[in-house]
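Participant: Protein chains in written order, with my numbering: chain A, 25 to 506; chain B, 25 to 531.
Where is the CB? At the ideal position from N, CA and C, for every residue including glycine.
Computed from a prediction, not measured in an experiment: that's the story for all the values here.
#1: Buried or exposed, going by whether 16 or more other CB atoms sit within 10 Å of the CB of residue 79 of chain B?
#2: Measuring alpha carbon to alpha carbon, tell me which of A:333, A:55 and A:91 ends up nearest residue 272 of chain A.
#3: Residue 44 of chain A and residue 132 of chain A look like a contact to me (Cβ under 8 angstroms); what is the Cβ gap, rounded to whole Å?
#4: Report the neighbours of residue 499 of chain A on chain B: residues whose CB is nearer than 7 angstroms to its CB, in chain order.
#5: Does any C-beta atom of chain B lie closer than 7 angstroms to the C-beta of residue 406 of chain A?
#6: Could you check whether the Cβ of residue 495 of chain A sits closer than 7 angstroms to any Cβ belonging to chain B?
#7: Select from B:190, B:143, B:82 and B:282 the residue whose C-alpha is nearest the C-alpha of residue 52 of chain B.
#8: What's the C-alpha gap between residue 454 of chain B and residue 243 of chain B?
#9: Between residue 297 of chain A and residue 287 of chain A, what straight-line distance do the alpha-carbon atoms span, to the nearest angstrom?
#10: What residues in the region 163–188 of chain B have a beta carbon less than 7 angstroms from any beta carbon of chain A?
#11: Keeping to the same chain, check which residues put their C-beta closer than 6 angstroms to that of residue 473 of chain A; ignore five residues upstream and five downstream.
#12: What number of angstroms, rounded off, separates the C-alpha of residue 124 of chain B from the C-alpha of residue 153 of chain B?
#13: Is the region 320–336 of chain B in contact with the region 452–468 of chain B, if contact means three or more CB pairs nearer than 8 angstroms?
#14: Find out if the Cβ-Cβ distance for the pair residue 351 of chain B, residue 263 of chain B is shorter than 7 angstroms.
#15: Is it buried or exposed for residue 373 of chain B, if we count other Cβ within 10 angstroms and need 16 for buried?
#16: For residue 158 of chain B, which residues of its own chain have a beta-carbon under 8 angstroms away from its beta-carbon, when the five flanking residues on both sides are left out?
#17: Any heavy atom of the ligand HEM inside 6 angstroms of the beta-carbon of residue 488 of chain B?
#18: Please compile the residues from chain B whose C-beta is within a distance smaller than 8 angstroms of the C-beta of residue 443 of chain A.
#19: Any C-beta of chain B within less than 7 angstroms: which residues of the region 368–390 of chain A qualify?
#20: Can we say the region 376–383 of chain B touches the region 337–352 of chain B, given the rule of at least three CB pairs closer than 8 angstroms?
#21: Straight-line CA distance for residue 373 of chain A to residue 46 of chain A?
#22: Once the 5 residues before and after residue 177 of chain A are set aside, which same chain residues still bring their CB inside 8 angstroms of it?
#23: On the CB-based measure, 16 or more other CB atoms within 10 Å of its CB, does residue 49 of chain A come out buried or exposed?
#24: Would you list, in chain order, the members of the region 265–292 of chain A that have their beta-carbon closer than 9 angstroms to a beta-carbon of chain B?
#25: Kindly indicate if chain A contains any beta-carbon less than 7 angstroms away from that of residue 222 of chain B.
#26: Taking C-alpha atoms, which residue in B:295, B:253 and B:251 lies nearest to residue 272 of chain B?
#27: Mind listing, in chain order, the continuous alpha helix (DSSP H) runs of no fewer than 4 residues lying wholly within the region 160–227 of chain A?
#28: Whose CA, out of A:280, A:251, A:279 and A:197, lies closest to the CA of residue 268 of chain A?
#29: If you drop the 5 nearest sequence neighbours on each side, which residues of the same chain put their C-beta closer than 7 angstroms to that of residue 31 of chain B?
#30: Residue range of the alpha helix (DSSP H) that residue 445 of chain A falls in?
#31: Whose C-alpha, out of B:253, B:410, B:439 and B:465, is nearest the C-alpha of residue 493 of chain B?
#32: Thinking C-beta only, is residue 146 of chain B closer than 7 angstroms to residue 55 of chain B?
#33: Between the beta-carbon of residue 459 of chain B and the beta-carbon of residue 268 of chain B, is there less than 7 angstroms?
#34: Can you tell me which residues form a DSSP beta bridge with residue 134 of chain A?
#35: So, using beta-carbon positions, are residue 501 of chain A and residue 98 of chain A closer together than 7 angstroms?
#36: Counting only C-beta atoms, is residue 165 of chain A closer than 7 angstroms to chain B at any point?
The structure is reproduced here in structure tokens:
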């Protein structure tokens with residue numbers, strides 16, 4: 025039976041599919057110079073899908089639909105909205121990419137990946153979860169290597185593919201162990217079995233370790249962060265932004281649901297393991313970021329570090345903790361996309377990606393410089409931008425759960441962060457171009473960039489100042505977990 | 025519904041910052057005009073607020089505004105001023121107004137004269153006003169979360185202001201050092217604040233960042249003992265407390281004039297004020313347990329700062345270290361935890377803020393015209409800048425604690441309070457008065473009244489502008505009026521101190 029609830033639960037996915045199909049049918053008939061309009065179509069369609077989903081697709085009480093494959097609740101819904109927002113902005117940023125913006129496949133791949141991510145956020149069953157993860161990953165492998173004839177991009181795509189398939193195979197092995205011993209693939213049933221004690225602790229931890237490999241790769245947490253800098257550097261910049269935000273958030277959506285729902289009975293032990301991973305992740309990310317000279321590599325390491333901060337909320341294992349993770353990701357998605365958007369807008373004109381190339385940027389385009397300032401200060405955790413509030417909430421959850429040591433590690437790390445973020449801004453605001461003729465080298469923005477960056481900057485400031493609505497949504501998302 | 029005066033004072037500079045950024049980059053005069061209008065209006069508002077408080081009631085928290093911000097976690101936008109914070113709001117208004125005036129400057133390339141801010145004034149005033157909004161916010165916030173929120177806003181524009189418009193030789197180093205010091209301090213205090221928040225929840229079941237609620241959270245003695253130092257010192261770093269003062273003179277020297285004024289005049293008060301409001305008022309038992317350590321640190325700062333200032337040859341370093349010394353007096357007054365010491369600390373915060381802003385303003389004027397701040401290279405300034413000279417002398421008298429000026433009103437109670445606790449510290453700290461008098465008078469003699477060296481003579485330096493004079497006169501006015509009529513400020517500060525003493529249990 026196909027009930028209205030089932031329809032509502034996959035409404036966003038249906039809409040994404042429709043956009044993709046329309047795009048595939050229409051795009052071949054467009055002339056070469058019109059093809060970038062696929063970006064308008066994708067972005068507009070996704071914003072439309074967000075509005076429709078908010079109007080008609082809101083979940084009520086958590087319900088299991090499609091034979092317990094999908095859990096229709098606020099956690100999944102909130103993440104879906106975040107993913108679609110990130111997808112829409114990424115489509116806008118892709119439009120004026122020299123080599124990828126006029127190729128319709130790029131947008132279709134983006135939509136396919138979004139479809140997978142949306143399903144990742146709602147999967148309540150291991151089989152569904154695995155399918156969703158692969159659906160989200162495979163288009164991203166292609167997108168990372170999308171620039172034909174560019175060695176770095178090819179390398180990025182290939183590296184991402186190899187690491188990604190290896191990690192997901194290991195995770196799949198973990199899933200098969202669960203099924204072999206527990207006889208179920210449903211997360212919620214698994215949780216009951218674990219509580220009853222029918223499954224040995226050793227097995228539970230083996231599974232935990234194997235799954236961490238798969239998800240750790242998605243999140244780029246230590247020790248699975250190696251791919252991130254190379255892949256981000258080589259991929260088209262908007263794709264790198266998408267990888268570092270939506271893809272990472274999708275990993276968090278799974279981690280929140282998987283560990284909190286299925287493993288509550290072992291919480292004190294696995295939170296400790298995750299706490300250690302979080303501490304190492306942010307330290308490694310931040311320390312390696314200091315010495316980077318390429319802006320995309322810097323952002324890659326910084327996004328590794330941010331996965332560490334967000335993990336503090338998972339480690340806290342409380343409703344506030346889960347809410348703070350969701351809030352953190354909302355702020356982080358807007359912030360990091362803004363940062364990558366600025367990098368994209370700058371390198372489109374100049375073709376340069378080294379930090380030293382940003383010298384004099386505030387004179388070449390003051391508004392772009394201000395946006396970069398907002399993004400970097402938000403990443404550094406300064407008000408009135410989203411990063412500050414997000415960090416405070418995550419730290420508050422950590423202190424509440426008596427993980428004060430982890431919070432202190434987090435704080436020491438954010439100090440390192442302040443150092444390298446401000447050091448980058450120093451080039452933008454303080455240094456001059458070699459012959460001090462910035463006015464002859466402006467950095468104009470095309471319309472898609474202006475729109476995307478304005479939306480993001482506004483988002484970063486709104487999340488950081490009027491945080492009550494965002495927090496209550498995050499709280500609603502976390503409500504049904506415990 | 026009452027006029028939300030505190031919100032307007034706080035958010036007006038931030039709104040003005042956004043408006044200024046909208047103005048095209050080459051309309052420098054328009055930007056300055058907006059800045060001056062905003063600053064004037066804010067000064068008038070804060071002055072009006074001050075008078076209202078002075079004339080009406082003189083007790084408790086007034087002008088309270090409260091808006092729920094995030095009820096789920098007990099965060100609200102709650103503003104209010106008491107006798108401690110009202111003078112500081114006025115101080116911020118004064119420094120903001122005078123800072124804009126002296127940043128206007130004058131630009132005559134043919135005479136190698138480039139006073140004030142000539143490069144990208146739009147961004148300069150926008151960042152400066154963001155900072156000012158943050159400072160106002162800290163002084164008026166009664167919600168701990170919002171206090172941190174505004175505190176951080178007040179910190180990070182400093183980096184840009186110093187790094188971009190600062191003194192070329194040291195600005196990058198000094199700006200980064202300052203930012204890291206302050207950020208470390210504030211996040212350490214933040215952990216303490218979060219610990220307080222959850223402990224309060226455990227004790228009373230109330231989730232609230234409201235500091236008036238937190239006062240009665242019933243923190244245990246051991247909790248206060250552990251967390252007082254991180255919170256107090258975390259904030260006091262910004263107050264330039266020894267041994268964490270190191271960033272401060274470097275920052276003063278590297279910063280452009282208006283930022284030095286803000287930095288020494290207001291930001292350092294921000295640290296001392298937040299340490300008092302969060303550290304002492306919320307953890308009073310911890311304050312009592314650790315008062316000896318704070319007093320020792322402050323005592324060292326007072327004497328050490330004065331001696332180091334004495335041997336400086338750069339005027340800005342001299343004033344920077346004298347700020348360490350004078351802020352040491354503030355912390356010393358706080359550490360007494362008695363009526364006299366706290367009243368003195370409250371008045372000293374205002375007095376020092378105005379005085380040091382004046383010093384930095386005049387130093388900046390001299391430097392812009394003579395291109396040196398080295399005391400041995402300067403001389404004869406009194407002939408060309410008589411008005412600035414008078415201002416500097418008045419500031420010097422305040423600095424020395426002469427009766428009839430605000431410095432006396434502030435320092436005398438501090439020493440009385442310290443004597444009541446530990447007479448030895450009072451004796452040692454009073455050495456600083458002599459040292460201060462020595463370096464101030466030697467500086468005045470050399471810079472202003474000795475014969476003008478040829479190096480300076482050939483620059484044909486001229487007098488300060490009218491706007492500069494207005495700024496100097498404004499600052500001097502407040503120092504004299506408080507010195508002559510202490511009753512315009514002391515009763516107000518006393519009313520704030522009553523509240524602190526109540527929390528300390530009448531000690």
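Facilitator: Concretely, from the data shown:
#1: exposed
#2: A:333
#3: 5 angstroms
#4: 96
#5: yes
#6: Yes, its Cβ sits closer than 7 angstroms to a Cβ of chain B.
#7: B:143
#8: 36 angstroms
#9: 13 angstroms
#10: Residues 173, 176, 177, 180, 183, 184, 187 and 188.
#11: 369
#12: 10 angstroms
#13: yes
#14: Result yes, Cβ atoms of residue 351 of chain B and residue 263 of chain B sit closer than 7 angstroms.
#15: buried
#16: 174, 175, 176, 177, 178, 179 and 181
#17: For the structure depicted, the ligand HEM is absent and the ligand set is empty, with no information on it obtainable.
#18: 200 and 204
#19: 390
#20: yes
#21: 31 angstroms
#22: 168, 169, 170, 171, 258, 259 and 260
#23: By the 10 Å Cβ count, residue 49 of chain A comes out exposed.
#24: none
#25: Taking a beta-carbon distance threshold of 7 angstroms, residue 222 of chain B counts as an interface residue toward chain A.
#26: B:295
#27: 175–206 and 211–220
#28: Across the set A:280, A:251, A:279 and A:197, the C-alpha of A:251 shows the shortest separation from the C-alpha of residue 268 of chain A.
#29: 89 and 103
#30: 428–453
#31: B:410
#32: yes
#33: Contact: no.
#34: BP columns for residue 134 of chain A are empty, so no partner.
#35: yes
#36: No - not a single Cβ of chain B is within 7 angstroms of the one on residue 165 of chain A.
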